[in-house]
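**Student:** Before I ask anything, here is the structure I am working with.
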Amino acid sequence: MEKGAFVDTTMLVESLLKTAERRKKAKKAIQSYKKSLLPHYAIKEFKGGALRHYIWFHNKLSETGSFSRTIHAIQRNFMKPYLMGTALEALQAGTELFVGAELSHAQTKAQTDSAMADSLRLSTRRLIESGWRNRRKITTDMADPLSCFAETAPTYNEHTRLLEDNRRDCDLEPRCCLADDLRAVPDQLQALISAIEGLTSPENNRRRAALHLLKNTPRRDFNNGNCKALGDAYFALRCPSDCNILTINVKDHRPLAEALHKQVDEYKP
Amino acid sequence: MPGTVVSIDTAETNSSHITSNSQILKEGTASVSITSKSSEGTQKYVILGPSELYPFSDVNDAILFQALELLTSCVSTLELTQRIDPTSDYIGFDDAMTQCRAILRDLFALRSIGDGFASLVNAIIWSLKNKDTDVLSRKQVSVVLEAIKELKRKPLMHFDTATGLIDQLEEADLTVEPCMLDGMINLA
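From first to last, the protein sequence lines stand for chains A and B.
The working numbering applies: residue 1382 is where the first sequence begins, and numbers increase by one.
The working numbering applies: residue 8 is where the second sequence begins, and numbers increase by one.
The following block contains the structure:
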């Protein structure tokens, strides 16, 4: 029987927030499966991860009104030295596209900087709003609803000209709606703990702690932070037997999925 | 109004005659009433200014009129482009597109009109840029023309309305955003 796709967050980001060609290609890859499932958890990760970065970028452009100051903020805070090449490329395009030859050099520089900031801000806002609107349309079905997650949309504040999206955590119920189900499969939890044994990245350390919490302390609260820390382990645990996990990030997913005798399909952007 | 005598109520307009929309604005008025006398009798018309058409807008009337004039030019240019077959007259086609790009650049300078207006102009600018040296197909010219016409009808369109029109540009295989955007927001 042909397996369906259990779409992970990297695929969701690729299908919704990337530029046109990449979005189209990713959607086509998902549509090549007769059945495709998007777990609600992927939307939660999407909202707390990539979408948050896009909103930050939009708001930084809006706040500074300057492309170069936004780039400096990224370089300084996210350690992206390679970005200068991309930034220069963008500025060159901006000079050509947005500024008339009649302007003096000093004005041209300022005008280009401001025009590029606005251009990127508008493109980013459109990606964010379209992406959010289409989030549930990329697969044939949704899966594994999270009753504690509100899934509120980002909103644009006309006065501040900023996008607002502060409600990212699960806050609809006092307890994690997944925890009981996950605690019911201690063997699988143990298999995942074993699969990441010896891996000491911060992400794996947090994941290990969350898995231990589920397996060893059934009465302790499993909070939003713990839920987030599960990350790729969630997809291994919840992928149905008639589906493979469809992801860009095979390296992290594979050991977890294989520990539970599940398979991962790689998508290359 | 051919065959009619038109007089303008100057008490309301402070303007002795109307030659263009911008002249009305220069006189600092928003509306003009016109009395038309013909064989069918006397009729009174009122020309509304942008501030009456869009009473809740913060946009300066002069900017809006400038945009409407530029959009009119853009429509004419694109209609001209539509009539040219680039395989037989590449220079004519490309010349018209160059004019169109220049108008769009001027339109983007008026982006304070609103995010709906600005995002649609921005998307068209990048669509043309991303075609690089390729010629727009007939369908693509047509979609861009329809978008500009819609913008002329609704310059204060909401962002969501603009997004719908941008989706149509994408459906015509136009790339509406800068390709370097992916690299910039890859923050994680």
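For every residue, glycine included, the Cβ atom is placed at its ideal position computed from N, Cα and C.
Show which residues of chain A have a CB atom less than 7 Å away from the CB atom of cysteine 186 of chain B.
**Tutor:** Thr1400, listed in chain order.
**Student:** For glycine 123 of chain B and methionine 164 of chain B, I'd like the C-alpha separation in whole angstroms.
**Tutor:** Cα to Cα, the separation comes out at about 5 Å.
**Student:** Would you say glutamate 1483 of chain A faces chain B, with C-beta separation under 8 Å as the test?
**Tutor:** Any reading at glutamate 1483 of chain A needs caution, since the residue's pLDDT is 45, under 50, leaving its predicted position unreliable; the model's value is listed next. For glutamate 1483 of chain A, the answer is no, since every Cβ of chain B falls outside 8 Å of its Cβ.
**Student:** Check the Cβ-Cβ distances between arginine 90 of chain B and every residue of chain A, and say whether any is below 8 Å.
**Tutor:** Judged by the 8 Å Cβ criterion, arginine 90 of chain B is not in contact with chain A.
**Student:** What would DSSP say about alanine 1468 of chain A, mapped onto helix, strand or coil?
**Tutor:** Alanine 1468 of chain A falls in the helix class under three-state DSSP.
**Student:** Closer than 8 Å, CB to CB, is serine 1511 of chain A near chain B or not?
**Tutor:** Taking Cβ atoms only, chain B reaches closer than 8 Å to serine 1511 of chain A, which makes this a yes.
**Student:** Between the alpha carbons of alanine 1640 of chain A and cysteine 1608 of chain A, how many angstroms are there, rounded?
**Tutor:** Between alanine 1640 of chain A and cysteine 1608 of chain A, the C-alpha separation is close to 20 Å.
**Student:** Which whole runs of the alpha helix (DSSP H) in the stretch 1530-1588 of chain A are 4 residues long or more, in chain order?
**Tutor:** As far as the stretch 1530-1588 of chain A is concerned, its whole alpha helix (DSSP H) runs of at least 4 residues are 1560-1564 and 1567-1576.
**Student:** My output table needs one value for serine 144 of chain B: the three-state DSSP class, helix, strand or coil.
**Tutor:** Correct three-state label for serine 144 of chain B: coil.
**Student:** Looking only at C-alpha atoms, which of A/Ile1577, A/Gln1571 and A/Arg1450 sits nearest to threonine 1636 of chain A?
**Tutor:** According to the sequence as given, residue 1636 of chain A is proline; it is not threonine. Residue A/Ile1577 is the option with its Cα nearest to proline 1636 of chain A.
**Student:** Return the residue from the list A/Ala1638, A/Asn1625, A/Asn1538 and A/Lys1632 that minimises the CA-CA distance to aspartate 1646 of chain A.
**Tutor:** For aspartate 1646 of chain A, the nearest C-alpha among the options comes from A/Asn1625.
**Student:** Residues of the stretch 149-182 of chain B with a CB closer than 9 Å to any CB of chain A: list them in chain order, please.
**Tutor:** The stretch 149-182 of chain B vs chain A, Cβ under 9 Å: Phe166, Asp167, Ala169, Thr170, Ile173, Asp174, Glu177, Asp180, Leu181 and Thr182.
**Student:** Do threonine 1505 of chain A and leucine 188 of chain B have their C-beta atoms within less than 8 Å of each other?
**Tutor:** Yes, these two residues count as a Cβ contact at 8 Å.
**Student:** Considering only the alpha carbon of each residue, which of A/Leu1527, A/Tyr1537, A/Asn1538 and A/Asn1547 lies closest to glutamate 1554 of chain A?
**Tutor:** Comparing Cα-Cα distances from glutamate 1554 of chain A to each of A/Leu1527, A/Tyr1537, A/Asn1538 and A/Asn1547, the minimum goes to A/Leu1527.
**Student:** Report the three-state DSSP secondary structure of glycine 48 of chain B (helix, strand or coil).
**Tutor:** Reduced to three states, the DSSP call for glycine 48 of chain B is strand.
**Student:** Counting only beta-carbon atoms, is aspartate 1499 of chain A nearer than 8 Å to chain B?
**Tutor:** Chain B, which has a Cβ nearer than 8 Å to the Cβ of aspartate 1499 of chain A, makes this yes.
**Student:** Using the C-alpha atoms, what's the distance from glutamine 73 of chain B back to aspartate 92 of chain B?
**Tutor:** Cα-Cα distance, rounded: 31 Å.
**Student:** Are any of the Cβ atoms in chain B nearer than 8 Å to that of tyrosine 1435 of chain A?
**Tutor:** Yes, tyrosine 1435 of chain A lies at the interface with chain B (some Cβ there is under 8 Å from its Cβ).
**Student:** For the stretch 1514-1533 of chain A against the stretch 131-148 of chain B, do three or more pairs of beta-carbon atoms, one drawn from each stretch, fall closer than 8 Å, so that the two count as touching?
**Tutor:** Counting Cβ pairs under 8 Å, fewer than three are found: no touch.
**Student:** Using a beta-carbon distance cut-off of less than 8 Å, what residues from the stretch 123-139 of chain B approach chain A?
**Tutor:** Listed by position, the residues of the stretch 123-139 of chain B near chain A (Cβ gap below 8 Å) are Ala125, Ser126, Asn129, Ala130, Ile132, Trp133 and Lys136.
**Student:** Figure out for me which residue from A/Thr1536, A/Leu1508 and A/Leu1595 has the closest Cα to the Cα of valine 183 of chain B.
**Tutor:** Closest by alpha carbon: A/Leu1508.
**Student:** If we ignore side chains and look at the alpha-carbon of each, how far apart do tyrosine 97 of chain B and cysteine 186 of chain B end up?
**Tutor:** Computed Cα separation, rounded: 27 Å.
**Student:** At which residues does the beta strand (DSSP E) containing aspartate 1646 of chain A begin and terminate?
**Tutor:** Where aspartate 1646 of chain A is concerned, the enclosing beta strand (DSSP E) stretches over 1645-1647.
**Student:** With burial defined as no fewer than 16 other Cβ atoms inside 10 Å of the residue's Cβ, what is the status of serine 1622 of chain A: buried or exposed?
**Tutor:** Flag for serine 1622 of chain A reads exposed.
**Student:** Determine the contact status of alanine 1496 of chain A and threonine 1451 of chain A, defining contact as a CB-CB distance below 8 Å.
**Tutor:** No, the Cβ-Cβ distance between alanine 1496 of chain A and threonine 1451 of chain A is not below 8 Å.
**Student:** Taking CB distances under 8 Å as the criterion, tell me whether leucine 1478 of chain A reaches chain B.
**Tutor:** Yes, because at least one Cβ of chain B sits closer than 8 Å to the Cβ of leucine 1478 of chain A.
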